[in-house]
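*Asks:* According to the UniProt record's numbering, numbering within the sequence shown proceeds without interruption in unit steps and concludes at 169.
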Amino acid sequence: MHDSQLAQQIARTIADEIGAQPAQAHAAIALLDEGASVPFIARYRKEVTGGLDDTQLRNLETRLTYLRELEERRAAILSSIGEQGKLSDELRNEILAADTKSRLEDLYLPYKPKRRTRAQIAREAGLEPLADGLLADPTQSPDVAAAAFVDAEKGVADSKAALEGARAI
Numbered sequence: 001m002h003d004s005q006l007a008q009q010i011a012r013t014i015a016d017e018i019g020a021q022p023a024q025a026h027a028a029i030a031l032l033d034e035g036a037s038v039p040f041i042a043r044y045r046k047e048v049t050g051g052l053d054d055t056q057l058r059n060l061e062t063r064l065t066y067l068r069e070l071e072e073r074r075a076a077i078l079s080s081i082g083e084q085g086k087l088s089d090e091l092r093n094e095i096l097a098a099d100t101k102s103r104l105e106d107l108y109l110p111y112k113p114k115r116r117t118r119a120q121i122a123r124e125a126g127l128e129p130l131a132d133g134l135l136a137d138p139t140q141s142p143d144v145a146a147a148a149f150v151d152a153e154k155g156v157a158d159s160k161a162a163l164e165g166a167r168a169i
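1) What's the call for Tyr111, buried or exposed, on a 16-neighbour Cβ count within 10 Å?
2) How big is the Cα-Cα spacing for Arg58 and Ala25?
3) For Asp151, write down the residues that DSSP places opposite it in a beta bridge.
4) Apart from the five residues on each side of it in sequence, which residues of its chain come closer than 7 angstroms, Cβ to Cβ, to Ala148?
5) Do you know whose CA, among Gly85, Glu83, Pro22 and Gln84, lies nearest Gln56's CA?
6) Report all residues from its chain with a CB closer than 8 angstroms to the CB of Leu127; omit the five preceding and five following residues, and keep chain order.
7) Could you compute how far the alpha carbon of Gln8 sits from the alpha carbon of Arg92?
8) Please report how far the alpha carbon of Leu134 lies from the alpha carbon of Ala145, in whole angstroms.
9) Just to check my reading of the structure: Leu70 and Leu107 have Cβ atoms closer than 8 angstroms, yes? What is that Cβ distance to the nearest angstrom?
10) Between the C-alpha atoms of Arg73 and Lys101, what's the straight-line distance to the nearest angstrom?
11) Helix, strand or coil, according to DSSP, for Ile169 in the structure here?
12) Can you tell me whether Pro113 is helix, strand or coil according to DSSP?
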């Protein structure tokens with residue numbers, strides 16, 4: 001969606017929720033975006049907002065923040081899944097139809113990249129046999145055992161780094 005279309009959609013949604021006209025919501029949003037506070041708008045800009053009261057303006061402000069965050073997150077999720085090459089038309093439509101952050105996160109969960117722990121990184125560098133060997137035979141010299149696992153290509157620069165990786169496992 002284009003930014004102005006998105007802004008109009010948000011204004012319409014909020015207007016429906018607070019029982020106002022879209023033009024009133026749009027005017028109040030513009031004033032909030034300019035930095036005006038809710039009490040200021042309620043007291044001194046009634047003519048611009050068509051007489052929205054304090055409660056309606058507070059609800060509008062809260063929903064505006066929520067809906068903008070929702071749209072920002074929606075865009076990030078679409079981008080992330082798209083980069084993974086797993087974005088089907090059906091999934092895109094489900095994400096675009098999601099009306100809450102929790103629904104959006106539920107849809108994203110299976111595609112969310114997993115965080116890598118230090119132990120996982122050490123295993124990927126091939127240090128698990130070192131950790132197992134040190135646990136199995138505590139009498140061997142750790143530095144000597146670790147020297148065999150030094151491999152700059154795998155990110156293990158020296159025996160100290162190999163031992164740190166084994167400790168993480």
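Idealized CB from N, CA, C, for every residue including glycine.
*Replies:* Taking the coordinates as given:
1) exposed
2) 12 angstroms
3) Val156
4) none
5) Pro22
6) Phe149, Val156, Ala162, Gly165, Ala166 and Ile169
7) 21 angstroms
8) 8 angstroms
9) In fact, because the Cβ distance is near 13 angstroms, the residues do not count as touching under 8 angstroms.
10) 8 angstroms
11) coil
12) coil
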